[in-house]
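Colleague:
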Amino acid sequence: MAMEKDKINDLLATQATTTMTLSDNANITKKLINLTSSANHASILFATDEWFATAENLLNPAPPIFVPDLFCEQGKVMDGWETRRRRTAGHDWCVIKLGSSIMEDVDSSSMIMESRSFMISMIELDTAYFTGNQTPRVSIEAMKVTRPSTSTNKNDDDDQENEDYLYNWMPGASTRLARGMGGKGIRGTGQSPAVVQRALKACNSVARTSVPNNINGEWITILPMTTLQPGYEDSRYHTFEMLDEAKKRIEALGGVTHLKLNYYPDGGVARLKVHGYPCHYSEERNNAISDTTSSTDNDISNNTPTVHPHSSPNPPPSSQPHPHPELSSNLHGGLGLACSNKH
Numbered sequence: 229m230a231m232e233k234d235k236i237n238d239l240l241a242t243q244a245t246t247t248m249t250l251s252d253n254a255n256i257t258k259k260l261i262n263l264t265s266s267a268n269h270a271s272i273l274f275a276t277d278e279w280f281a282t283a284e285n286l287l288n289p290a291p292p293i294f295v296p297d298l299f300c301e302q303g304k305v306m307d308g309w310e311t312r313r314r315r316t317a318g319h320d321w322c323v324i325k326l327g328s329s330i331m332e333d334v335d336s337s338s339m340i341m342e343s344r345s346f347m348i349s350m351i352e353l354d355t356a357y358f359t360g361n362q363t364p365r366v367s368i369e370a371m372k373v374t375r376p377s378t379s380t381n382k383n384d385d386d387d388q389e390n391e392d393y394l395y396n397w398m399p400g401a402s403t404r405l406a407r408g409m410g411g412k413g414i415r416g417t418g419q420s421p422a423v424v425q426r427a428l429k430a431c432n433s434v435a436r437t438s439v440p441n442n443i444n445g446e447w448i449t450i451l452p453m454t455t456l457q458p459g460y461e462d463s464r465y466h467t468f469e470m471l472d473e474a475k476k477r478i479e480a481l482g483g484v485t486h487l488k489l490n491y492y493p494d495g496g497v498a499r500l501k502v503h504g505y506p507c508h509y510s511e512e513r514n515n516a517i518s519d520t521t522s523s524t525d526n527d528i529s530n531n532t533p534t535v536h537p538h539s540s541p542n543p544p545p546s547s548q549p550h551p552h553p554e555l556s557s558n559l560h561g562g563l564g565l566a567c568s569n570k571h
């Protein structure tokens, strides 16, 4: 059992970094971010089935791996999202909340800017090691989840800054996210038809709210149904440019916040990378943004805290070396959930 746990932990390998740029014209160059990376706070809100492997694996920024002798009660452990074979009508799908962490200089001080909506430029699907059990076909849809009009005071700072609405529109998302940062599915489980229908109704509801005259609650198709090849080295990568019509619809919405990945009908994919950029930044800011997939993508040993001068002649305790890691640091997965005073 100890050896098996070690191998499972290896699936959470050191996070990798990808650098890409998008040139719209000679004067504008945007840095593309992997919006579906867990290192950038992307998260899974819902998945219909996670019998062989959970959907969070799709968002892992590390390259997929394969351990030949690693098995679980359900069968072979795969590094990706893999569903069991369907015996009923329908198909498997999951919902992903996009994320990014942009480090930007504001008034000469660095700060993390969390974007809420994004433009999408490229899509990459990796079926590594899924050779025969890869999902035969996929499609991807996108939508912008808008803030509910519940506050009577438009200047209410709490209402404007609270981002719970990006998560709690999906039934069960809060429970999933509470299991770990970025969410955590449970291998060997699948949702009941009733739960799937509630989740689908939630998807339709947010689409009707966001898109005028969208009676059927349809999401924007950014990748039509497409055949995937098995995950051999020469056929594992599938890269797609955004369709012009989809770009126009996303621009009209002011960017998107969530994706819906559809498997037809079931199977597995190792990684999903959706490259894009925050749509609320001006062109000048986009030019200045450094390529960032998250501070956690870098070697933690190279990230040393900054100690500011103070009046005492003695060094502050925070500057002293300590044998144990700082568990509250975002370098080790710490996350601030609430603050009583924002000044």
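The opening residue of the sequence shown carries number 229 in our numbering; numbering runs sequentially from there. Every residue, glycine too, gets a C-beta built ideally from N, C-alpha and C.
1) For the beta strand (DSSP E) that contains Asp320, what are its first and last residues?
2) For the putative contact between Phe274 and Val323, defined by C-beta atoms under 8 Å, what is the C-beta separation to the nearest angstrom?
3) By the three-class DSSP mapping on this structure, what secondary structure does Lys372 have?
4) Between Asp494 and the rest of its own chain, which residues show a CB-CB distance below 8 Å, the 5 nearest in sequence each way excluded?
5) Counting only the same chain and skipping the five closest in sequence on each side, list residues whose C-beta sits under 6 Å from that of Arg365.
6) Which residues share a DSSP beta bridge with Met496?
7) By how many angstroms is the C-alpha of Gly411 removed from the C-alpha of Phe299?
8) Kindly indicate which residue of Arg436, Met347, Leu394 and Thr359 has the alpha-carbon position closest to the one of Glu177.
9) Pro291: which of Met398, Asn396, Ile450 and Leu353 sits nearest, CA to CA?
10) Return the chain-ordered list of same chain residues with a C-beta closer than 6 Å to the C-beta of Glu232, the five sequence neighbours on each side being excluded.
11) Determine the closest residue to Ile443 out of Ala317, Val434, Leu487 and Met398, with distance taken between C-alpha atoms.
12) Nearest to Pro506 by alpha carbon, out of Val439, Pro399, Gly327 and Arg499?
13) Would you call Asn390 buried or exposed, if buried means 16 or more other Cβ atoms sit within 10 Å of its Cβ?
14) First and last residue of the beta strand (DSSP E) that includes Ser349?
15) As a quick exercise: from Asp392, Glu284 and Asn361, pick the residue whose alpha carbon is nearest that of Gly459.
16) Give the DSSP-derived three-state secondary structure of Ile448 in the structure shown.
17) Rounding to the nearest angstrom, what Cα-Cα distance links Thr264 and Thr417 in this structure?
18) Any idea if Lys476 is buried or exposed, counting beta-carbon neighbours within 10 angstroms, 16 or more meaning buried?
19) Please report the distance separating the alpha-carbon of Val373 from that of His486.
20) With H, G and I counted as helix, E and B as strand and the rest as coil, what does DSSP make of Val439?
21) Buried or exposed for Asp307, please, with buried defined as at least 16 other CB atoms from any protein chain shown within 10 angstroms of its CB.
22) Comparing alpha-carbon positions, which option in Arg415, Trp309, Ala270 and Ala401 lies nearest Gln302?
23) Within a Cβ cutoff of 8 Å, which residues of the same chain sit near Trp447, ignoring the five residues on either side of it in sequence?
Modeller: Reading off the structure:
1) According to the DSSP assignment, Asp320 belongs to the beta strand (DSSP E) that extends over Asp320 to Lys325.
2) Indeed, because the Cβ distance is near 5 Å, the residues count as touching under 8 Å.
3) Coil, per DSSP.
4) Residues of the same chain with a CB within less than 8 Å of the CB of Asp494, apart from the 5 flanking positions on each side, are Asp277, Thr311, Arg312, Arg313, Arg314, His319, Asp320 and Thr363 in chain order.
5) Excluding residues within five positions, the ones whose Cβ falls inside 6 Å are Met453, Thr455 and Tyr492.
6) According to the sequence shown, residue 496 is Gly rather than Met. Answer is Glu310 and Gln362, bridged to Gly496.
7) Taking C-alpha positions only, Phe299 is separated from Gly411 by approximately 23 Å.
8) Not covered by the structure: residue 177. The range shown for the chain is 229 to 571.
9) The shortest CA-to-CA distance from Pro291 to any of Met398, Asn396, Ile450 and Leu353 is the one to Leu353.
10) Residue confidence is low: Glu232 scores 47 on pLDDT, short of 50, so the model does not pin down where it sits. Its coordinate-derived value is still stated next. No residues qualify anywhere along the chain.
11) Among Ala317, Val434, Leu487 and Met398, the Cα nearest to that of Ile443 belongs to Val434.
12) When Val439, Pro399, Gly327 and Arg499 are compared, the shortest CA-CA separation from Pro506 is found for Gly327.
13) Flag for Asn390 reads exposed.
14) Ser349: member of the beta strand (DSSP E) spanning Phe346 to Asp354, first to last residue.
15) Nearest to Gly459 by alpha-carbon distance, out of Asp392, Glu284 and Asn361, is Asn361.
16) In this structure, Ile448 counts as strand in the three-state DSSP scheme.
17) Each residue's Cα considered, the two are about 23 Å apart.
18) Lys476 should be labelled exposed.
19) Computed Cα separation, rounded: 7 Å.
20) Residue state, collapsed to three classes: coil.
21) So Asp307 counts as buried.
22) For Gln302, the nearest C-alpha among the options comes from Arg415.
23) Taken in chain order, the residues that qualify are Glu369, Ala370, Met371, Cys431, Ala435 and Lys488.
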